[in-house]
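Since the structure comes first, as structure tokens, the remarks are kept for the end.
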Amino acid sequence: MKKSSLLTLAAFSGAVAVALTGCAGGSTDGGGATDGGDAAGDAGRACVILPDAASSPRWENFDRKYLQEGLEGAGFDVDIQNAQGDVNQYSTIADQQLTQGCGVMLLVDYQGAAEAVAEKATAQGIPVIAYDRPFAGADY
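Heads up: the sequence shown is residues -19 to -1, 1 to 121, going by mature numbering (1 follows the signal peptide of the UniProt record, and there is no 0).
Shown next as structure tokens:
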């Protein structure tokens, strides 16, 4: 049973990475960055926020590893962080990631925190993927 779950998770992570490949291409039509050239270089950066480590060991023991491998395999620079069950930390991580630039955000919602992050990302033209848990404002 465990092996089946791991294979399912690996397959899903690979599918997410393949789907994100379209996001990595970015757009050079000038509609992205308003502050210079930084955002154009960030089109291939995937920003991921995991919810915690306490509710399930899977987030750090499995999801992080497979997301890292899958996203890097699809050509992304990857920034995966864990909010450690803290809504305020979730928001802080998101603000830092958005400031540093993201081509795509992959979020696991934690107590509704992903909705505000999705709103900020969407305002910057960054596609948002709801991973594991659906939430309002996600593009995928």
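A virtual CB, placed ideally from N, CA and C, is assigned to each residue, including glycine.
query                                                                                                                          : result
Starting from residue 68, trace the alpha helix (DSSP H) both ways and give me its first and last residue.                     : 68 to 81
Under DSSP, the alpha helix (DSSP H) around residue 97 begins and ends at which residues?                                      : 94 to 104
One question on the structure: do residue 89 and residue 32 come within less than 8 Å of each other, judged by their Cβ atoms? : yes
So, under 8 Å CB-CB, residue 71 and residue 94 are touching, yes? Tell me the CB distance rounded to an integer number of Å.   : 4 Å
Checking the sheet assignment: what are the DSSP bridge partners for residue 62?                                               : 30
How about residue 64 and residue 91: are their beta carbons less than 8 Å apart?                                               : yes
Who does residue 111 pair with in a DSSP beta bridge?                                                                          : 88
DSSP three-state label for residue 120, please.                                                                                : coil
The alpha helix (DSSP H) spanning residue 56 covers which residue range?                                                       : Careful: residue 56 lies outside any alpha helix (DSSP H) and carries neither H nor E.
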